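See below for the structure under consideration.
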Amino acid sequence: MISPIENASLKPLLLLNFPNIISNDKIVFSSIILSFISSKLCAEVAIGLACKLEAFVAKILRLLIYIMPLFIMGFIVKLQFDEVLDIIIKDYMFIFVTIVFAQFGYIFLAYFILSNCRVKECIASFSNMMPASISGFSAMSSVISMPLSIIGAENNTNNKALARTYR
Numbered sequence: 066m067i068s069p070i071e072n073a074s075l076k077p078l079l080l081l082n083f084p085n086i087i088s089n090d091k092i093v094f095s096s097i098i099l100s101f102i103s104s105k106l107c108a109e110v111a112i113g114l115a116c117k118l119e120a121f122v123a124k125i126l127r128l129l130i131y132i133m134p135l136f137i138m139g140f141i142v143k144l145q146f147d148e149v150l151d152i153i154i155k156d157y158m159f160i161f162v163t164i165v166f167a168q169f170g171y172i173f174l175a176y177f178i179l180s181n182c183r184v185k186e187c188i189a190s191f192s193n194m195m196p197a198s199i200s201g202f203s204a205m206s207s208v209i210s211m212p213l214s215i216i217g218a219e220n221n222t223n224n225k226a227l228a229r230t231y232r
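In this text, residue positions in the sequence shown follow the numbering used here: the first is 66, and each later residue adds one.
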């Protein structure tokens, strides 16, 4: 088990401790259930509220997407300071490279085939999905990157209604 050095650790400039009122899994499951109920009972109100929330989330994402690399770099600096980064790179590099090549090879092949083997369309599809990919990999959460994935799908299909259908 890799553990950081306890006596000379980096200290945060600002430490914010927010209380954990409700766990994440309960919030996700309750939001799914509430979305189904609201879409069946009062669809017009649910659509209006969803549009307002989508605009609010889009504003937040426009700000966060640019500062996300700072958080990643901070984490890398912390790993280096704790003298763990070299061990991770040395011990897990082969596994990491193998997984990356397998996943990206599959993704590239799928996008290339789905773009009818046209290189320009394939590159355009990749560029549309890049913000979702960056947020998904950096936050390690597909739920967080879902709004960006929907925006990328809208741009790839050029059809908002088709990209937003989930039935």
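Yeah, the Cβ is synthetic: ideal placement off N, Cα and C, and Gly gets one too.
Nothing here was measured: the structure is a model prediction, and the numbers come from that model.
With 16 as the cutoff for other CB atoms within 10 Å, does Leu135 come out buried or exposed?
By the neighbour-count rule (16 or more Cβ atoms within 10 Å), Leu135 is not buried but exposed.
What's the C-alpha gap between Pro77 and Lys143?
One C-alpha to the other measures close to 10 Å.
Between Tyr176 and Ser190, which are expected to be in contact by the criterion C-beta below 8 Å, what is the C-beta distance as a whole number of angstroms?
Contact holds; Cβ gap of about 5 Å.
Kindly list the residues whose CB is nearer than 8 Å to the CB of Val81, restricted to its own chain and excluding five residues on each side of it in sequence; keep chain order.
Per the sequence shown, residue 81 should be read as Leu rather than Val. So the list is empty, once near-sequence residues are dropped.
Buried or exposed: which applies to Met194, given that a residue is buried once 16 or more other Cβ atoms fall within 10 Å of its Cβ?
When all chains shown are included, Met194 counts as buried.
Throw me the rounded Cβ distance for the Ser203 and Ile137 pair, which I believe falls under 8 Å.
Rounded, the Cβ-Cβ distance is 5 Å, consistent with contact.
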